[in-house]
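Numbering (our numbering), first residue to last: 8 to 135.
The C-beta atom is built at its ideal place from N, Cα and C for all residues, glycine as well.
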């Protein structure tokens, strides 16, 4: 199942809905190219639930090590930000561990402005 403007040749989405007041509904997108998984992007739609507003935020992503340093994290983050726009969410919180300089750079390049650091995570807001 391909997605318009996806970062790779195929994106598969897995949706999670919940009524639990401590857990957010979300969608996880898996990026594939030629049948090989390259990375994943987790969009959490309700950061007011649980501890996501403090740490974790709206978006989490990971790139398989053999596909790093190819711009995939940037493309996945951009893809995710478009999903938030489609849902009418125009201020997105993205967090990265203090020591993860590469991820912090990706977030900053996407317009992220660091608000603070909580529990070893840099909290960035991106206004869309």
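According to DSSP, residues forming a beta bridge with residue i
i	result
residue 185	Absent from the model: residue 185. The displayed extent of the chain is 8 to 135, so no value can be given.
residue 2	No answer is possible for residue 2: the residues shown for the chain start at 8 and end at 135.
residue 43	40
residue 125	128
residue 69	47
residue 63	Per DSSP, none; premise fails for residue 63.
residue 20	36
Distance between residue j and residue i (C-alpha atoms, nearest Å)
i	j	result
residue 80	residue 26	30 Å
residue 35	residue 106	24 Å
residue 116	residue 84	10 Å
residue 104	residue 68	12 Å
residue 4	residue 133	This structure cannot settle anything about residue 4, because the visible part of the chain is limited to 8 through 135.
residue 77	residue 30	32 Å
residue 60	residue 54	5 Å
residue 33	residue 127	24 Å
residue 97	residue 91	7 Å
residue 129	residue 114	10 Å
residue 118	residue 40	27 Å
residue 95	residue 38	24 Å
residue 72	residue 56	31 Å
residue 64	residue 20	19 Å
residue 131	residue 122	6 Å
residue 74	residue 89	22 Å
Residue from the options with nearest C-alpha to residue i
i	options	result
residue 101	110, 43, 44, 77	110
residue 43	135, 113, 18	18
residue 23	51, 45, 97	51
residue 45	82, 120, 125, 66	82
residue 66	58, 99, 74, 93	99
residue 124	112, 28, 62	62
Proximity test, residue i beta-carbon vs the ligand SAH heavy atom, cut-off 7 Å
i	result
residue 74	Ligands in the displayed structure: none, and consequently the ligand SAH is not present.
Pair within 8 Å by beta-carbon distance, residue i and residue j
i	j	result
residue 86	residue 48	yes
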